[in-house]
Every structure is written in C-alpha cells, then in structure tokens.
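Student: In my numbering, the protein residues as written are 477 to 1017. Ideal Cβ placement from N, Cα and C applies to all residues, glycine included. Take a look at this one; I'll ask things after.
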C-alpha cells in the first residue's frame, strides 16, 4: 500500500509560484520556484510542506525538493519495481544498493558526468579515483555517493556506528566499571536486573534486545567480526597480510558469541520475543526506556531514544572476545560507492536538477541546511565561532520546530567534518562548545568518571581506512544475478534461519551442529573468492 502510494504520488515535478513584495510603489512580482520530487530509501522524519528554511533555500536556489522516505525493505523493493515497470520516476532517487544496480541496468538514471564539468561543486566532492570506483560498465557515473565526503577532519562527538550500548544508569549503579568483554557486559546487566528488576512504574526491564528481522539483521549477524578486533567490513574479515577475504560466520569466536547469547536468553536477560519483533516494535521497545542494552548502529536507533530521560542515555562500549584484542568499532569516514543520489530520466529539466544539487553545496546554503538562520537559530561570536543560546539550542532540537523550520536535505550531498569556513563544525550537534555544555548531568558525571568529554572517546581512535575498506560497499551491491551473488543469498538465508534458533535453542550444541552442517552445503568459498578478488582490485594488485 505504501509503495503504491509513493509510486502514484511522486512521478512528476511541479512548479511552485511565490510572491515577493517590491520596493517603492506597492506591487507584486512573481518568482518561479522549480519543485522537484524525490524518493529516498531511508528512515527520516517528514518536514512540513511550508517548512521555513526550505522556503529560504528555494529563494536562494530557485528550487525545492519534496522528499518521500521509505524504510521498510518490502516497500523499497516494490516502489522501485513499480517504477521500473512503468518507466516513470521521480526527479531524484536514492535507493538502496541492490535497487541502484537494477535502476542503472534499466537506464533509469541520467549520466551525471555528461554535465558536471560545468558544476565543480559536485565534481570536486571526490577524487578521480573515487569517481572511477562508481562508474558503471558503460563508463558513466549515475549517482553521487552520500555521507562519504569529509571537509578537513571528522568533528563528530557522537559514535554513529555500531557498538555494544548500555544505559548510563547501569554504568552508574555498577560504579562505572571498565568493561572489555561481552562476558563482563552481561554480568553487569545481570547484576543490575537482580537488584532492579522493574522501573519506577513497576514495568519489567529488558536486559538485552536484538533487532533481527528482514529489515535489519546486522545486530545478530556481524558481532563476531567486531569481537575478533576487525573493523566493520560487514560481509567478511580481511587478512591485511594476504589480502584474503575470510568468513567470520563459523569462527571459534562466532560459536562463543552465540553460546553466550543462548545462555543469556535462557536466563531471561534477552527479550523472549526478540525474534518476532519487526523494526517498529524494536524501536518502540527502545523508546520505552526499558531496554538496558543492545548492539546496534547509532544511526539506526537514535531517533527512537531522543525523548528518553537522561539516565536512560545509551553509552557505547567497544568489546572484544578477549580483553587483549584491541577493538575497532570506530572508523574514519568511509567512501560508500554502492549507492547514492541520482537524477532520473523522467526529470524534464536535468540541468536545473544538477544546478540545484550544486547550489545546495554553496557555503551559505550549507549553513542554512545544518545551522539554520543566523540570529534565529545561532549567533556568531567575535572569533567567528557559531554558538547557540539556551532558547536556540532547545528549539533547534524540538520536534515540532524541526518539522516547520529545519530543512537539512539529509539525502542530498553535503560535507561531513568542518563547515566551509574551516572554523566551525558542519552542524551544531558537532560543535564542541555547544556539545559538552548541553550534556545531561547523568552523562557528564559518567564522562568525568571515565575522564572523557565525548561519546567517541569511550572507544579507540579509528585507524586509517585500508584501501579496500569497507567491503560492505561491494557486498551491498551484489545481486543474485551472479553465481557468487546466489551463494551470498544462500548464506544470508541460512543465517536468518539459524542464528535466532541458536539464541533460543534448548540444546545449543545440537543446533550449532545443524547450522554448521547446513552452512557446509553452501559453496561459500565461491563468494569469498569474489570478495578476495575485489579486495585485490581495490588495492591495485
């Protein structure tokens, strides 16, 4: 139903006419604003149609974009499938990786590199080598990678990626212990639950929650990779000496991890219903404040917990199976060449669309997108530092205010890191003077106990990204049209069947043996040989 509504509503671009009053004699002039449509595979809150900053950006650029968001995988697949069948598309599209491949194959995108010599704002976002990595087989570039461009340096005080998360009140209750392994992590949660089985309303806590459904499965799937001290390549671990892509699904650490989950499930620490939850139910669990811990990517759950009381704030922990193994949960901004923003063949004015993207990268527009209106949303001190007073800070983070006033165009290109001026962070949430001053007392107390000032300092500093990193940018674009793609699908199906069973089994060893037997029937090496070949391609060897 959602997919049908999207396909019906977002196929054509429209024109919005706005009036502006002239000086002197009372007369009205009309300025035509081009209105573009766009569909984006993401979970982002909607903004109001008359959003104030969106209108200001439209006045500067001569265009605005009506955005529609789809996050459920079934809706994503059906939406783009319906578009392909009808051969009619919205002006802008940012699909998931697999649908990006399908749309390119069907000729749904215009080639951006045929235009961009006139638009250096776009062309200069990435190096020639990076652009080459997104070229299709015909040599053209059909999309702009997102969240992959860094200006000067990373400024995020918040860990947006994967970690073991735990509520700050649990750490405080435990005396802010050093936690290095999942065994220590679950021990703390067990002891807290024994002393505090319910919240102040008499509701039972969930000691540990798992999102493991068709939409998101990584929280159950990839921890063995992190627990062995590898960075988030997602689909494999890579031996840095041999450049071999290796399978982490049946490693000794994988068995130890699922055995531990099985034990915690049988103790009642893990939510008994985890395997039946859809994503919305999982987010609702977190929003209740009753989930003490979980593994997740911050970008996946953060919008669900932003109304929780401070003592329910989630703190990231980087755990490994053995405390002597250094953890690698943080990484530098990774270049994701698997998908991005494209302009469709249904766009009547492709050059105006490209101009709009270019205009959104202008310094004054970037400030509007991520800081708002000077004097209303922030002020500038004598040293050129962007600041927010209490009113500005609160309103910029108020849900109703954001809908009517804030327009970040999150899935249109921009730079992470520093603002164009090289002085400020690209957004207020990362501005050091604003961030620490506005932490809740519970979090400040926790950070002081660990002698840090940011969430990222709870984890090791990221190392340089390897030339092949991240391999998920390759696996995300693999379809079952290839032999190795068919194998990848078999692996995924086997894990989706057996990993929840391993957690819930009354006989772990028996279920593990069944899993290993079924996994062994797959010609998995065919897939990992292709991953190894891709590692070598990326390393130029």
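(1) Should residue 711 be labelled buried (16 or more other beta-carbon atoms within 10 Å of its own) or exposed?
(2) Have a look at 623, 625, 630 and 602 and flag the residue whose alpha-carbon is nearest the alpha-carbon of residue 617.
(3) In chain order, what residues of the same chain lie with their CB nearer than 6 Å to the CB of residue 1010, ignoring the 5 residues before and after it?
(4) Taking Cβ to Cβ, would you say residue 990 is nearer than 7 Å to residue 520?
(5) Sort 644, 927 and 971 by Cα distance to residue 767 and report the nearest one.
(6) Closer than 7 Å by C-beta to residue 500: which residues in its own chain qualify, once you throw out the five before and the five after it? Chain order, please.
(7) State the Cα-Cα distance for the pair residue 931 and residue 752, rounded to the nearest angstrom.
(8) What is the rounded straight-line gap between the Cα of residue 588 and the Cα of residue 834?
(9) Between the stretch 933–941 and the stretch 969–986, are three or more C-beta pairs nearer than 8 Å?
(10) On the criterion of 16 or more Cβ atoms from any shown chain inside 10 Å, does residue 800 qualify as buried, or is it exposed?
(11) Could you tell me whether the stretch 904–924 touches the stretch 537–555, where touching means 3 or more Cβ pairs closer than 8 Å?
(12) Going by DSSP in three states, residue 570 sits in which element: helix, strand or coil?
(13) For residue 442, tell me which candidate among 891, 816, 585 and 547 has the shortest Cα-Cα distance.
(14) For residue 889, count neighbouring Cβ atoms within 10 angstroms of its own Cβ and tell me buried if that reaches 16, exposed if not.
(15) Can residue 958 and residue 577 be called in contact, C-beta distance under 7 Å?
(16) First and last residue of the beta strand (DSSP E) that includes residue 902?
(17) Could you say if the stretch 511–520 and the stretch 542–559 meet the contact criterion of at least three C-beta pairs nearer than 8 Å?
(18) Comparing alpha-carbon positions, which option in 1012, 869, 998 and 944 lies nearest residue 850?
(19) DSSP has residue 792 in a bridge; who is on the other side?
(20) Looking at C-alpha atoms only, which residue of 863, 897 and 553 is the closest neighbour of residue 839?
(21) So what does DSSP say about residue 742, is it helix, strand or coil?
(22) For the putative contact between residue 1050 and residue 1003, defined by C-beta atoms under 8 Å, what is the C-beta separation to the nearest angstrom?
(23) Give every residue of the same chain whose Cβ lies closer than 6 Å to the Cβ of residue 664, excluding the five residues on either side of it in the sequence, and list them in chain order.
(24) Alpha carbon to alpha carbon, how far is residue 669 from residue 681?
(25) Between the C-alpha atoms of residue 1015 and residue 607, what's the straight-line distance to the nearest angstrom?
(26) Does DSSP classify residue 555 as helix, strand or coil?
(27) Can you round the beta-carbon distance between residue 892 and residue 630 to whole angstroms, since I take them to be within the 8 Å contact cut?
(28) Please classify residue 1006: is it buried, with 16 or more other beta-carbons within 10 angstroms of its beta-carbon, or exposed?
(29) In three-state terms, what does DSSP make of residue 820?
(30) What would DSSP say about residue 855, mapped onto helix, strand or coil?
(31) Can you round the beta-carbon distance between residue 690 and residue 871 to whole angstroms, since I take them to be within the 8 Å contact cut?
(32) Quick check on the burial criterion: 16 or more other C-beta atoms within 10 angstroms. Buried or exposed for residue 555?
(33) Could you give the C-beta distance for residue 811 and residue 571, rounded to a whole number, given that I count them as a contact under 8 Å?
Tutor: Per the coordinate set shown:
(1) On the chain shown, residue 711 is found 235 positions in, with the first residue counted as 1. Looking at its Cβ environment, which holds 16 or more other Cβ atoms inside 10 Å, residue 711 is buried.
(2) Position 141 of the chain shown, counted from the first residue, corresponds to residue 617. The option with the nearest alpha carbon to residue 617 is 602.
(3) To locate residue 1010, count along the chain shown from 1; it is residue 534. Only 950 meet the Cβ criterion.
(4) Position 514 of the chain shown, counted from the first residue, corresponds to residue 990. Position 44 of the chain shown, counted from the first residue, corresponds to residue 520. Not in contact: residue 990 and residue 520 (Cβ atoms no closer than 7 Å).
(5) Indexing the chain shown from 1 puts residue 767 at position 291. Out of 644, 927 and 971, 644 has the C-alpha closest to the C-alpha of residue 767.
(6) Here residue 500 is taken as the residue at index 24 of the chain shown, counted from 1. Because the pLDDT at residue 500 is just 34, under 50, the model does not fix this residue reliably, and the value given afterwards should be weighed accordingly. Exclusion of the five residues before and after residue 500 leaves no residue of its chain whose Cβ lies closer than 7 Å to its Cβ.
(7) Position 455 of the chain shown, counting from 1, holds the residue named residue 931. Position 276 of the chain shown, counting from 1, holds the residue named residue 752. Rounded to the nearest angstrom, the two C-alpha atoms are 31 Å apart.
(8) Working through the chain shown from its first residue, we reach residue 588 at position 112. Working through the chain shown from its first residue, we reach residue 834 at position 358. Whole-angstrom Cα-Cα distance: 12 Å.
(9) At 8 Å Cβ cutoff, the stretches do not touch.
(10) Locating residue 800 in the chain shown gives position 324, counting from the first residue. Exposed is the call here.
(11) no
(12) Position 94 of the chain shown holds residue 570. Here residue 570 sits in strand by DSSP.
(13) What is shown of the chain runs 477 to 1017, which leaves residue 442 out entirely.
(14) Position 413 of the chain shown, counted from the start, is the residue given in the question as residue 889. With 16 or more other Cβ atoms within 10 Å, it is buried.
(15) Taking the first residue of the chain shown as position 1, residue 958 is located at position 482. Taking the first residue of the chain shown as position 1, residue 577 is located at position 101. No, these two residues do not count as a Cβ contact at 7 Å.
(16) Residue 902 sits at position 426 when you count from the first residue of the chain shown. Bounds of any beta strand (DSSP E) do not take in residue 902, whose DSSP letter is neither H nor E.
(17) Touching, yes.
(18) In the chain shown, the residue the question calls residue 850 occupies position 374. Cα-wise, what sits closest to residue 850 is 869.
(19) Along the chain shown, read from residue 1 onward, the residue named residue 792 stands at position 316. Paired residues: 641.
(20) Along the chain shown, read from residue 1 onward, the residue named residue 839 stands at position 363. Cα-wise, what sits closest to residue 839 is 897.
(21) Here residue 742 refers to the residue found at position 266 of the chain shown. It is helical.
(22) For the chain, the structure presents residues 477 to 1017; residue 1050 sits outside this window and is missing.
(23) Within the chain shown, residue 664 is the residue found at index 188, counting from 1. So the list reads 650, once near-sequence residues are dropped.
(24) Here residue 669 refers to the residue found at position 193 when the chain shown is read from its first residue. Here residue 681 refers to the residue found at position 205 when the chain shown is read from its first residue. Straight-line Cα distance between these residues: approximately 7 Å.
(25) Taking the first residue of the chain shown as position 1, residue 1015 is located at position 539. Taking the first residue of the chain shown as position 1, residue 607 is located at position 131. Each residue's alpha carbon lies about 16 Å from the other.
(26) The residue given as residue 555 occupies position 79 in the chain shown. Here residue 555 sits in helix by DSSP.
(27) As a working note, residue 892 is residue 416 in the chain shown. As a working note, residue 630 is residue 154 in the chain shown. 7 Å between Cβ atoms; contact.
(28) In the chain shown, the residue the question calls residue 1006 occupies position 530. Burial call: buried.
(29) For the purposes of this step, residue 820 is taken as the residue at position 344 of the chain shown. Of the three classes helix, strand and coil, the one that applies to residue 820 here is strand, per DSSP.
(30) Here the question's residue 855 lines up with position 379 in the chain shown. In the structure shown, residue 855 sits in a strand (DSSP, three-state: E or B).
(31) Taking the first residue of the chain shown as position 1, residue 690 is located at position 214. Taking the first residue of the chain shown as position 1, residue 871 is located at position 395. Residue 690 to residue 871, Cβ: 38 Å. No contact.
(32) Counted from its first residue, the chain shown places residue 555 at position 79. Looking at its Cβ environment, which holds 16 or more other Cβ atoms inside 10 Å, residue 555 is buried.
(33) For the purposes of this step, residue 811 is taken as residue 335 along the chain shown, with counting starting at 1. For the purposes of this step, residue 571 is taken as residue 95 along the chain shown, with counting starting at 1. The Cβ separation is near 18 Å, so there is no contact.
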